[in-house]
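Q:
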Amino acid sequence: MTKNVFLYVLTDTLASGSDVISSMATALLAVDLGRSSFQSGLILFSASIPYLLFGLVGGVVADRVEKRRLMMGCDLIRATVLAFIPLSAAFHRLTVPVLIGALLLATSVRAFYFPARKGLTPDLVADAVSLSQLNLYLNGTESLGGIIMPIVGSVLLLWTHAVADLFWIPVITLLLSALAVSLLRVPEQRPTLGATPFSDLKHGLVLVFSQRSPLPYLVTAFATAIVAEAGVIKIALPKILTAMHLSHNVSYGLAMGLMASAEVGMSFLWVKRRASRSLPWIFGGYGVRAGGLALLAIALGIRSLPLLIGAIIVQGIGMPISGPPLTTALQTYTPRPLMGKVMAIRSTIGNLSDAASYLLIGGLLEVLSLDGVLWVSMTLAGLSALTLWILWSRHPVSPSWERGQAG
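Per the working numbering: the sequence shown ends with 536, consecutive numbering throughout.
(1) Any idea what DSSP makes of Phe-220, helix, strand or coil?
(2) Output the distance between the C-alpha atoms of Leu-455 and Leu-260, rounded to the nearest integer angstrom.
(3) Within 10 angstroms of the Cβ of Asp-161, are there 16 or more other Cβ atoms? Answer buried if so, exposed if not.
(4) Excluding the 5 residues preceding and the 5 following Leu-312 in the sequence, name in chain order all residues of the same chain whose CB lies nearer than 8 Å to its CB.
(5) Is Gly-439 helix, strand or coil by DSSP?
(6) Determine the burial state of Asp-141: buried for a count of at least 16 other Cβ atoms within 10 Å of its Cβ, exposed for fewer.
(7) So, is Ile-214 buried or exposed, given that buried needs 16 or more other C-beta atoms within 10 angstroms?
(8) Three or more beta-carbon pairs under 8 Å between the region 422-431 and the region 185-196, yes or no?
(9) Are there 16 or more other CB atoms within 10 angstroms of the CB of Trp-399, so buried, or fewer, so exposed?
(10) Can you tell me whether Leu-494 is buried or exposed, with buried defined as 16 or more other CB within 10 angstroms of its CB?
(11) Assuming contact is defined by CB atoms lying nearer than 7 Å, are Phe-412 and Ala-473 in contact in what I supplied?
(12) In whole angstroms, what is the alpha-carbon distance linking Arg-403 and Leu-267?
(13) Given a cut-off of 7 Å, decide if Met-395 and Ile-441 are closer than it, judged by their beta-carbon atoms.
(14) For Arg-523, count neighbouring C-beta atoms within 10 Å of its own C-beta (all shown protein chains included) and say buried if the count is 16 or more, exposed if not.
(15) Out of Leu-199, Arg-198, Arg-193, Leu-234, which one is the CA nearest neighbour of Ala-212?
(16) Quick one: give me the first and last residue of the alpha helix (DSSP H) that Tyr-487 is part of.
(17) Between which two residues does the alpha helix (DSSP H) containing Phe-241 stretch?
(18) Given a cut-off of 7 Å, decide if Thr-224 and Pro-179 are closer than it, judged by their beta-carbon atoms.
(19) With a threshold of 16 other CB atoms inside 10 Å of the CB of Ser-165, please say whether the residue is buried or exposed.
(20) For Ile-355 and Ser-486, which I take to be in contact (beta-carbon distance under 8 Å), what is that distance rounded to the nearest angstrom?
(21) Quick check: what's the CA-CA separation for Leu-139 versus Thr-209?
(22) Going by the beta-carbon positions, is the gap between Val-393 and Ser-306 smaller than 7 Å?
(23) Quick one: give me the first and last residue of the alpha helix (DSSP H) that Met-507 is part of.
(24) Helix, strand or coil for Ser-177? Go by DSSP, reduced to three states.
(25) Hey, would you say Ile-150 sits closer than 7 Å to Ala-159, going by beta carbons?
(26) Which residues mark the beginning and the end of the alpha helix (DSSP H) in which Met-373 is found?
(27) Going by DSSP, what residue range makes up the alpha helix (DSSP H) through Ala-359?
(28) If you run the structure through DSSP and keep just helix, strand and coil, what is Tyr-462?
(29) Classify Ser-380: buried if its beta carbon has 16 or more other beta carbons within 10 angstroms, exposed otherwise.
(30) In this structure, does DSSP put Arg-403 in helix, strand or coil?
(31) Would a C-beta distance cut-off of 7 Å place Leu-429 and Asp-483 closer than the cut-off?
(32) Considering just the uninterrupted stretch of the alpha helix (DSSP H) at Leu-429, what are its terminal residues?
(33) Quick one: using the 10 Å Cβ neighbour count with 16 as the cut-off for buried, is Phe-338 buried or exposed?
(34) Out of Thr-250, Phe-241, Ser-390, Asn-480, which one is the CA nearest neighbour of Leu-205?
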């Protein structure tokens with residue numbers, strides 16, 4: 130592993146770890162501050178909706194400036210914004226509007242960071258197989274942060290009992306990430322860009338949603354899976370833990386750590402596979418995650434802690450089967466001038482799907498029982514994965530796609 134790859138993996142792990150603990154803290158604050166499940170969903174919705182305004186803009190900017198400097202600046206700004214949350218709580222000024230405002234700003238900045246980071250990945254490797262393996266390694270190391278950060282957060286909560294203090298952890302990790310980025314020495318690619326940012330963005334959208342490629346089915350499956358499960362993990366899971374007589378503030382972090390542990394193990398197991406024929410597994414991963422939702426519903430119904438643990442593990446196993454291959458497919462078949470924009474499209478779709486899921490699951494929890502919501506989510510995830518896999522399998526795919534190589 131070269132020095133640049135090591136520094137890139139380090140900054141990716143730190144930044145992703147900050148996202149994990151921020152997400153955990155936001156979910157717990159949403160449950161604590163929200164007067165209803167819908168209001169909790171609205172708080173989480175605010176952490177994703179800025180992508181509607183800045184998601185695609187972030188990709189255009191990432192392709193027209195030095196990605197390394199953009200990443201470093203975004204890390205520093207996000208650290209400053211997130212520090213405002215525990216400071217407000219310390220002075221008894223943390224309210225729902227204050228929390229929403231901070232989340233809106235932090236997510237707006239992340240909309241510029243993510244396409245720069247993912248757009249830089251292909252510059253570190255020589256071929257599609259190496260890119261696939263690097264993405265799986267990144268998924269594994271990111272998940273390691275997902276193990277460590279929730280456990281650290283749970284320990285911190287045992288000491289302070291103040292959920293807002295969890296945000297000090299991402300503040301520190303983002304500052305360390307900015308330092309690692311500053312040490313990167315990756316030769317900056319200066320691709321030939323279009324006449325205007327708008328033309329570049331149009332070409333990126335055409336690439337992702339072209340009827341001549343299988344990407345629309347992959348992206349739709351990606352979005353539907355998130356809509357089905359994101360709200361369950363963030364809103365319903367704390368309620369499930371409470372229903373099973375567990376302290377959700379502490380056990381939620383442990384549950385996230387367990388899910389990440391399963392994701393780490395599967396990531397490093399999956400990296401042994403070559404990039405060939407990885408696309409069908411994307412749908413299989415979403416099917417596994419739908420199975421995890423079904424196990425979660427059964428565990429709640431019979432109040433079985435071992436089955437609950439199994440459901441969380443299954444959910445973690447499904448993530449690296451679907452996520453990294455999708456990222457690799459997008460990176461492999463995207464021309465360098467469009468890399469940031471295509472990564473921004475992926476990020477925007479993912480975050481808007483998150484936002485939709487928080488409103489959907491939060492709203493359903495107001496009118497349906499907890500186990501009823503879980504079965505609805507499982508049905509949506511399972512049927513969409515099966516339907517889109519059938520449509521994808523009937524779509525004419527070029528041999529270059531089947532080989533996992535750029536055409």
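C-beta: ideal position from N, C-alpha, C; glycine also.
Small disclaimer: the values here were computed from a predicted structure and weren't measured.
A: Based on what the coordinates show:
(1) coil
(2) 12 Å
(3) exposed
(4) Leu-136
(5) helix
(6) buried
(7) buried
(8) No contact exists between the region 422-431 and the region 185-196.
(9) buried
(10) Buried, because 16 or more other Cβ atoms sit within 10 Å of the Cβ of Leu-494.
(11) no
(12) Bear in mind that a pLDDT of 48 at Arg-403, under 50, signals an unreliable position, so the number given afterwards is only what the model happens to contain. Using only the alpha carbons, I get a separation of about 16 Å.
(13) no
(14) exposed
(15) Leu-234
(16) 468-496
(17) 225-249 is the span of the alpha helix (DSSP H), which, as asked, contains Phe-241.
(18) no
(19) Around the Cβ of Ser-165, a 10 Å sphere holds fewer than 16 other Cβ atoms; the residue is exposed.
(20) With 8 Å as the limit, Ile-355 and Ser-486 qualify as a contact, their Cβ atoms being about 6 Å apart.
(21) 21 Å
(22) no
(23) 499-523
(24) coil
(25) no
(26) Here Met-373 belongs to no alpha helix (DSSP H), and DSSP marks it neither H nor E.
(27) Under the DSSP assignment, Ala-359 falls in the alpha helix (DSSP H) whose first and last residues are 344-360.
(28) Residue state, collapsed to three classes: coil.
(29) buried
(30) Residue placement at Arg-403 cannot be trusted, given a pLDDT of 48 that sits under 50; what the coordinates show is reported in the next sentence. Three-state result, Arg-403: coil.
(31) no
(32) Note, Leu-429: alpha helix (DSSP H), 408-431.
(33) Phe-338 should be labelled exposed.
(34) Per the Cα distances, Phe-241.
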